[in-house]
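Participant: Residues 19 to 960 (our numbering) are what the sequence shown spells out, left to right. A virtual CB, placed ideally from N, CA and C, is assigned to each residue, including glycine. Because the structure is a prediction, the values reported are computed rather than measured.
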Amino acid sequence: MPRGSPSPSPSGPGQRLRSGRRPVGLRAPILVGFLALGLIAGAIGYVGVRNVSLTYDIAARAYDNAVIATSYARAAQADFVALEAMLARDGRAPGASSAAPGGRFAALAEQVEGDLAIVRERAQSAETRAALEAALALFARWRRAAEQADDGAPIAALSAEMREALDVVVNHIAGDAFRAERAARAQVGVIREAGAAATAIGLILGALVAWLLGRRILGPVAAASAAARGIAAGRLDTPIPAAGGDELGALLRAMATMRDNIRAMMEREVAARRSAQGRLVDAIEGSREGVMLVDGDGRIVIANRQVAAFLPAAAALLAPGTPAEALARAAGLDLAAEEAELRTADGRWLRVARSPVHDGGFVLVLSDITALKRQQAALEEANLRFDAALNNMSQGLCLYDSEHRLLVANRRFYEIYRLDPEVVRPGITFRDLLMQSIAAGNHSPAVTETLVRERLGFVARGEPGTSFQDLADGRVIAISHEPIPGGHWVVTYEDITERRRAEAQITYLARHDGLTGLANRLLLRERVDHALAQCARGGHCALLALDLDGFRAVNESLGHPAGDQVLRQVAERLRACVRETDSVARLGGDEFAVVQTGLERGEDAAALARRVIAAFAKPFVVEGQTVELGASVGIALAPRDGATHDALLSHAQLALELCRRERRGAFRFFEPEMDAAAQRRRALEADLKQALEREEFQAAYQPIVELASGRVVGFEALLRWRHPARGMVSPVEFIPVAEELGLIVPIGAWMLRRACADAAAWPDGIRVAVNVSAVQFRDPNLVATVATALADSGLPASRLEIEITESLLLEDEAATGALLHRLRGLGVRIAMDDFGTGYSSLGYLRSFPFDKIKIDQSFIRDLDSKPDSRAIVRAIAALGRSLGMRTTAEGVETGAVLEILRTEGCTEAQGYLFSRPCAAERVPALLSTLAQRRIPANAAAA
Ligand code: C2E
Ligand code: MG
Ligand code: MG
Numbered sequence: 019m020p021r022g023s024p025s026p027s028p029s030g031p032g033q034r035l036r037s038g039r040r041p042v043g044l045r046a047p048i049l050v051g052f053l054a055l056g057l058i059a060g061a062i063g064y065v066g067v068r069n070v071s072l073t074y075d076i077a078a079r080a081y082d083n084a085v086i087a088t089s090y091a092r093a094a095q096a097d098f099v100a101l102e103a104m105l106a107r108d109g110r111a112p113g114a115s116s117a118a119p120g121g122r123f124a125a126l127a128e129q130v131e132g133d134l135a136i137v138r139e140r141a142q143s144a145e146t147r148a149a150l151e152a153a154l155a156l157f158a159r160w161r162r163a164a165e166q167a168d169d170g171a172p173i174a175a176l177s178a179e180m181r182e183a184l185d186v187v188v189n190h191i192a193g194d195a196f197r198a199e200r201a202a203r204a205q206v207g208v209i210r211e212a213g214a215a216a217t218a219i220g221l222i223l224g225a226l227v228a229w230l231l232g233r234r235i236l237g238p239v240a241a242a243s244a245a246a247r248g249i250a251a252g253r254l255d256t257p258i259p260a261a262g263g264d265e266l267g268a269l270l271r272a273m274a275t276m277r278d279n280i281r282a283m284m285e286r287e288v289a290a291r292r293s294a295q296g297r298l299v300d301a302i303e304g305s306r307e308g309v310m311l312v313d314g315d316g317r318i319v320i321a322n323r324q325v326a327a328f329l330p331a332a333a334a335l336l337a338p339g340t341p342a343e344a345l346a347r348a349a350g351l352d353l354a355a356e357e358a359e360l361r362t363a364d365g366r367w368l369r370v371a372r373s374p375v376h377d378g379g380f381v382l383v384l385s386d387i388t389a390l391k392r393q394q395a396a397l398e399e400a401n402l403r404f405d406a407a408l409n410n411m412s413q414g415l416c417l418y419d420s421e422h423r424l425l426v427a428n429r430r431f432y433e434i435y436r437l438d439p440e441v442v443r444p445g446i447t448f449r450d451l452l453m454q455s456i457a458a459g460n461h462s463p464a465v466t467e468t469l470v471r472e473r474l475g476f477v478a479r480g481e482p483g484t485s486f487q488d489l490a491d492g493r494v495i496a497i498s499h500e501p502i503p504g505g506h507w508v509v510t511y512e513d514i515t516e517r518r519r520a521e522a523q524i525t526y527l528a529r530h531d532g533l534t535g536l537a538n539r540l541l542l543r544e545r546v547d548h549a550l551a552q553c554a555r556g557g558h559c560a561l562l563a564l565d566l567d568g569f570r571a572v573n574e575s576l577g578h579p580a581g582d583q584v585l586r587q588v589a590e591r592l593r594a595c596v597r598e599t600d601s602v603a604r605l606g607g608d609e610f611a612v613v614q615t616g617l618e619r620g621e622d623a624a625a626l627a628r629r630v631i632a633a634f635a636k637p638f639v640v641e642g643q644t645v646e647l648g649a650s651v652g653i654a655l656a657p658r659d660g661a662t663h664d665a666l667l668s669h670a671q672l673a674l675e676l677c678r679r680e681r682r683g684a685f686r687f688f689e690p691e692m693d694a695a696a697q698r699r700r701a702l703e704a705d706l707k708q709a710l711e712r713e714e715f716q717a718a719y720q721p722i723v724e725l726a727s728g729r730v731v732g733f734e735a736l737l738r739w740r741h742p743a744r745g746m747v748s749p750v751e752f753i754p755v756a757e758e759l760g761l762i763v764p765i766g767a768w769m770l771r772r773a774c775a776d777a778a779a780w781p782d783g784i785r786v787a788v789n790v791s792a793v794q795f796r797d798p799n800l801v802a803t804v805a806t807a808l809a810d811s812g813l814p815a816s817r818l819e820i821e822i823t824e825s826l827l828l829e830d831e832a833a834t835g836a837l838l839h840r841l842r843g844l845g846v847r848i849a850m851d852d853f854g855t856g857y858s859s860l861g862y863l864r865s866f867p868f869d870k871i872k873i874d875q876s877f878i879r880d881l882d883s884k885p886d887s888r889a890i891v892r893a894i895a896a897l898g899r900s901l902g903m904r905t906t907a908e909g910v911e912t913g914a915v916l917e918i919l920r921t922e923g924c925t926e927a928q929g930y931l932f933s934r935p936c937a938a939e940r941v942p943a944l945l946s947t948l949a950q951r952r953i954p955a956n957a958a959a960a
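As C-alpha cells, then:
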C-alpha cells in the first residue's frame, strides 16, 4: 500500500453512513402534498362543472322564456286573427250558441286568454306584464264586444286596438328576450370570473404545494442527481448541499460520503499509480538497457537516457511524439524485426529486441552486447585455434561425456587407428568405436574380448592412468585417460612406436659402449653386482681390468677412425675369449674389463687372462695396415679382493697399473700392498683440500728471456706447495689430483690473484705468464676471475699471459675458442704451453690465434744431441714466424742449446740457464743480475 494514502478504516466515511439517527420518512409529506394537489384539482374541476351547469341553466331559462313567450304571443296573435276572421264571416259573434261556453269561438277566445296568461307568467319585465294586462283587458273588452256586437263599428276599433296591443306584447317579449340574454351573459360572465378566480386560486395552491414538495424533495433530489452525475463524470469536487434529517438528507450525506470514499480511493489509487509509475520511470531511466516505448501510432512515448547514449546521432529524435520511423532511419534501426543487432558509429554492438504492447505499439530494448560480441569473437577465435591445435596435435584425442559418448575427436585419432572419419562422429559410444577399431583390423581377433573388457574396465574405474596398446601391425600406442569434472573424460593416444624404439636404443646405449657394442661402465657395474650377489651365496668371481699396449700409437699414427676400427676388432676378440655367462666391457679409451663368473679357483681367472693376452698375439689389420697390440691384465677376485664393484674394479686396476709399470703384456693378481699407494694418494687429496685454507701455496717465478735483446721480458708463475710434513710437493704431482678434485679452480684463482699482484710491482713491460688448467676452463667464472685479478692488482691486461695446454683444445673446441676470445677481449695474451707433447695437431694453431707457442722441454733438453729434436724445433720456430706467433723454448739449461735455439729462430727462452723458479721477493734482484749478465752476449761463452 502506498505511503500516505488513507486506508479505508472502520471509522471512515463508509462507517458514518450507517451510523446516526434514523431519518424522518418522506412518504407522509409526499402523500399530503399529492392529496392537497388532488383536492385543489378536484375543487377547480367542481367549480368549473358547476359553472358550466349554471351557465347552461341561465342560457336555457333565458332561451325558454324568450321562445315560449314569443311562441305564445304569436299563438295569441294567430288565434286573435282567427277570431277576427270568424267574426268577420259571421258579422257578429256567432250566436249565442257559438258564443256560449263550449263553442268554438269561446274556445279560441279562451285559448287567446290562456296564451296571454302563459306569456304573462313568463314575462320578464313589468312593462311586458303591464302590456299583457292591458292586452288581456282589451281582449276581454273585445270578446264582450264581439259577443254583444250589433253593428260592426265599435268592434273594428277594438280589434285594431287589440292587434296593436298584441304587437306591443310581442315587442315587449322580444325586449324581454334581449334583456334576458343580456342578463344571462352577465351571469355567465360572473360565473366565468368566479371560475377563473377559483382556478387561479387552485393553481396558486397547487403551485404552493408543488413548491413545498419541490423545496422539500425535488431540490435535494436534483442536487443528488447533479452530484451523482458529477461523481459519475469523475468530478469528485462536486459540492453536495447540506440537507435535513430526512431520507433525502441521508441520501445526500451518503452521496457525500460516497464521493469522499471514491475520492480517497482515487487518491490512493493515483498515489499508488504515481509511485508505481515513478518507480517504473526511475527503473526505466536507471536501466543499463536503452528502453523506448512506441505507441500504436508509431510515435515515441518515452525513451530513456540510455537510448540517447547508445544512439547519440539520433538523440534529437527521441522526444515524445516523434515518429519512431524517423529515429529508425537516422539510427539504422530495423523496427520490424523482433530481434536485431546493430553496429553503432562508435563501434559498439547493440541488440535491439522488440516486444509488442497491448495498444498496438511496442517496446524496444537496446542492450550493449559489445563485450558479448568481443567474447563471442574471442570464443570463435579460440575455437578456431582450438580446432587447429586439436587437429595438428601429434597425439590422437577423444573427449567423451559421462555416458561414454564421443564429443570430440581429432584427426590424428582416426589416423592412428585408420578409421573412417565418417565413423568417428560425435555421439558414437566408446564401445562402438572400439568395435570399429577391431573391425579395422587394429587388434588381433584373439585378444578382442580381453581388449574390450580391459578398455571398458579402464573407463569404468574413472581414474586417470596410462596404458599401452600393442596394435596388430606392431605399433605401440600409449593411451592416457584423464577424467574431467562433470563426468567427462579425455583420452589421448600417442603412437610411441618410434619412442619405444628410441628408448630401447637409449637404454641400450646407456648401458653399452657405442663403438664396440660391449657393456659400458654402467652395465659392468650391474654385472659385477650380479656376480657379487651370486658370490654371496657361495662361489667366486673375478674382475679382469685390461689395458691395451701400443694403442695410443695407433691413434696417433693412423688417426682416430683407424683406432676405432682396431677397438672394434679388439672387442670381437675379447668376446671370443669369454663364456656366455661372462661379460666384456669397455671402460673408455683402450681400457676394458671382463667379469668372470662361476669361478672354481683363482687359476680359472689366470687361464682367462692368458687367453685374452694370447688373443692379441695375432696382429690386427686396419686399412691395409698391420697393427701390433698387446694387453696387460690386472685381476681382482671376489670375495677375496673386494665385496663391492668399486673395490673390485679399483683393485683390478691397481693390479693392472702395477703390471703395466713392471711388465706389459702380462697379468697380475691384486695384492693388498698395492692398496697402500692408493691410500697415499687419498692422503694427498685430503691435505690438498686444506692447503689453500692453510696458506701452504706459494708462487715461484721463472724468467723468460727475449733472445734477440737478451732482456727479461717476463716471468712464468709456477705454483709451489709447501707441505708441513711432506715438504715441497711438485706441481706435477699435485696438480693432476687438484684437477681431478676440482680444487684447481680455487687454487688457480688464487694463483692468478697472486701473480697479478706480484707482477704489478715489477717494472713496466715485464709480463707474467700464468698456467691455467683445462679444468679451469670449465668454470663459468674464469673470465670474471681473470678480470677481477687484473682489476684488484691494477696490472694492465697486456702484461698478463695465460698458458694453456693442448689437451684443453681436445675438449669442446668451439666453447674453448669462445672463452679464449673473451679472455683475449680483456687484453690478455694467450700462449700454447708444452707444444709438441700430447695430441699435437697443427689444426689447433689454426683454431685460435695464439700469441706464443711454448716448445716443450722434451724437445729442448737434448737439442744438441738429437737432430730430430732440432728439426722439430726448427719447424715450430718457422711455423711461429709464419703465423706471427712468438716461440719460447722451455727447459734451456745450456748455452749450447741456447745457441741452437737462436740459430733456429726461436724468439724466447726459459730455463735453468737463466734462473730456476724463485720467490717473488727475489725477482727485482734477479732482474738486475740478468740485466748485467747480458745473456745473449754471454750465452755462448757460458
Ligand atoms: P710448465 O708450465 O711447462 O712449466 C715449466 C716447468 O719446467 C716448471 O716445472 C719449471 O720449473 C720447469 N723448468 C723450467 N726450466 C727448466 C729447466 O731448465 N730444466 C728442467 N728440467 N725444468 C725446467 P714445475 O714448476 O715443476 O711445473 C710443472 C708443471 O706444473 C708446469 O709445466 C705446469 O704445467 C704445471 N704448473 C705449474 N704451476 C702451475 C700452476 O700454477 N697452474 C697450473 N695449472 N699448472 C701449473
Ligand atoms: Mg707453463
Ligand atoms: Mg711447459
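By Cβ distance, which residues of its chain are closer than 6 angstroms to S498, with the 5 residues on each side in sequence left out?
Facilitator: Only T484 and T510 meet the Cβ criterion.
Participant: In whole angstroms, what is the alpha-carbon distance linking A949 and C774?
Facilitator: Answer to the nearest angstrom: the Cα atoms are 23 angstroms apart.
Participant: Could you check if E398 is buried or exposed, using at least 16 other CB atoms within 10 Å of its CB as the buried criterion?
Facilitator: E398 should be labelled exposed.
Participant: Check each candidate in D194, T925 and V602 and name the one with the smallest Cα separation from G728.
Facilitator: Comparing Cα-Cα distances from G728 to each of D194, T925 and V602, the minimum goes to T925.
Participant: Can we count E5 as close to ligand 3, meaning its CB is less than 7 angstroms from some heavy atom?
Facilitator: With the chain running from 19 to 960 in the structure shown, residue 5 is simply not present.
Participant: Just reading off the alpha helix (DSSP H) that Q166 is part of, what are its end residues?
Facilitator: Start and end: A144 to Q166.
Participant: State the start and end residues of the unbroken alpha helix (DSSP H) segment that holds M906.
Facilitator: It is worth fixing the name first, because residue 906 is Thr in this sequence and not Met. First-last for T906: R904 to A907, but that is the beta strand (DSSP E), not the alpha helix (DSSP H).
Participant: Any heavy atom of ligand 3 closer than 7 angstroms to the Cβ of D1?
Facilitator: Residue 1 lies beyond the stretch modelled for the chain, which goes from 19 to 960, so this question has no answer here.
Participant: State the start and end residues of the unbroken beta strand (DSSP E) segment that holds K636.
Facilitator: That residue, K636, is in no beta strand (DSSP E); it is neither H nor E in DSSP.
Participant: Quick check on E343: does DSSP put it in helix, strand or coil?
Facilitator: Reduced to three states, the DSSP call for E343 is helix.
Participant: Which residues end up in the neighbourhood of ligand 2 when you take C-beta atoms closer than 5 angstroms to any of its heavy atoms?
Facilitator: Checking every Cβ against the heavy atoms of ligand 2 under 5 angstroms gives N789, E821 and D851.
Participant: Consider the C-beta atom of D874 and the heavy atoms of ligand 3; say whether any pair is separated by less than 7 angstroms.
Facilitator: Yes, the Cβ of D874 comes within 7 angstroms of a heavy atom of ligand 3.
Participant: Tell me whether Q716, by its Cβ, gets closer than 7 angstroms to a heavy atom of ligand 1.
Facilitator: Not under cutoff, so the answer is no.
Participant: On the three-state DSSP scale, how would you describe E703?
Facilitator: Helix.
Participant: Return yes when the Cβ of L254 is within less than 8 angstroms of the Cβ of M284, no when it is not.
Facilitator: Cβ atoms of M284 and L254: closer than 8 angstroms.
Participant: List the endpoints of the continuous alpha helix (DSSP H) containing G56.
Facilitator: Note, G56: alpha helix (DSSP H), R45 to D108.
Participant: Around the Cβ of V750, are there at least 16 other Cβ atoms within 10 angstroms (buried) or fewer (exposed)?
Facilitator: With fewer than 16 Cβ atoms within 10 Å of its Cβ, V750 is classed as exposed.
Participant: Is the stretch 41-57 in contact with the stretch 230-241, if contact means three or more CB pairs nearer than 8 angstroms?
Facilitator: They touch, by the three-pair rule.
Participant: Are S455 and A490 touching if we call contact CB-CB under 8 angstroms?
Facilitator: No, Cβ-Cβ distance for S455 and A490 is not below 8 angstroms.
Participant: So is the beta-carbon of P749 under 7 angstroms away from any non-hydrogen atom of ligand 1?
Facilitator: Flag set: Cβ of P749 near ligand 1.
Participant: How should A349 be labelled, buried or exposed, when 16 other C-beta atoms within 10 angstroms of its C-beta is the threshold for buried?
Facilitator: Result: buried.
Participant: What does the alpha-carbon distance come out to for the pair V613 and L674?
Facilitator: About 15 angstroms.
Participant: First and last residue of the alpha helix (DSSP H) that includes T388?
Facilitator: Run containing T388: T388 to N409, per the alpha helix (DSSP H) assignment.
Participant: Kindly examine ligand 1 and report whether one of its heavy atoms sits closer than 7 angstroms to the Cβ of Q697.
Facilitator: Flag unset: Cβ of Q697 not near ligand 1.
Participant: Rounded to whole angstroms, how far is the Cβ of S143 from the Cβ of R203, which I believe are closer than 8 angstroms?
Facilitator: Not really, about 17 angstroms apart at Cβ, beyond 8 angstroms.
Participant: Answer with buried or exposed for A627, where buried requires no fewer than 16 other C-beta atoms within 10 angstroms of its C-beta.
Facilitator: Under this definition A627 is a buried residue.
Participant: Sorted by chain position, which residues of the same chain lie with C-beta nearer than 6 angstroms to E819's C-beta, five sequence neighbours on each side aside?
Facilitator: Excluding sequence neighbours, E819 sits near R785, A787, R847 and A849.
Participant: Nearest-angstrom Cα distance between D531 and Q587?
Facilitator: Cα-Cα distance, rounded: 14 angstroms.
Participant: In whole angstroms, what is the alpha-carbon distance linking R740 and A696?
Facilitator: Going by the C-alpha atoms only, they are around 22 angstroms apart.
Participant: Would the C-beta of Y930 count as close to ligand 1, meaning under 7 angstroms from any of its heavy atoms?
Facilitator: Under cutoff, so the answer is yes.
Participant: Which two residues bound the contiguous beta strand (DSSP E) that contains I878?
Facilitator: Per DSSP, I878 belongs to no beta strand (DSSP E); it is in the alpha helix (DSSP H), Q875 to I878.
Participant: Do G652 and D672 come within 8 angstroms of each other at the CB atom, strictly closer than that value?
Facilitator: It should be noted that the sequence gives Leu, not Asp, for residue 672. Result yes, Cβ atoms of L672 and G652 sit closer than 8 angstroms.
Participant: Cβ of L725 versus every heavy atom of ligand 1: is any distance shorter than 7 angstroms?
Facilitator: Not under cutoff, so the answer is no.
Participant: May I ask you to check if the CB of Q962 is nearer than 7 angstroms to at least one heavy atom of ligand 1?
Facilitator: Since the displayed the chain opens at 19 and closes at 960, residue 962 lies outside it and no answer follows.
Participant: By DSSP, does R297 sit in helix, in strand, or in coil?
Facilitator: Here R297 sits in helix by DSSP.
Participant: Does DSSP classify S498 as helix, strand or coil?
Facilitator: Strand at S498.
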